[in-house]
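Residue numbers (UniProt numbering): 1 to 80.
The following block contains the structure:
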């Protein structure tokens, strides 16, 4: 049905109620979106913190991630 054929009420008070209802629904939807965004941000922060703690515990248990050669070791290898 085309929009120009839908009958609209002439009274502003009758039009105000659906408009206010739509505004309330939009505000509620925006509030839910903001709450979800907050939970996502907190989850990302928690995940990052847990990752840092895990890395620290792994280093403590297994040592450094890779062996590093000192310049003395490199020169010793060249002499051999």
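No residue lacks a Cβ here, since even glycine has one placed at the ideal position from N, Cα and C.
Just curious, the alpha helix (DSSP H) that residue i is in, first and last residue?
i	result
residue 45	12 to 62
Residues in its own chain within less than 6 angstroms of residue i by CB, not counting five upstream and five downstream?
i	result
residue 71	none
Kindly list the residues whose CB is nearer than 8 angstroms to the CB of residue i, restricted to its own chain and excluding five residues on each side of it in sequence; keep chain order.
i	result
residue 9	15
residue 44	none
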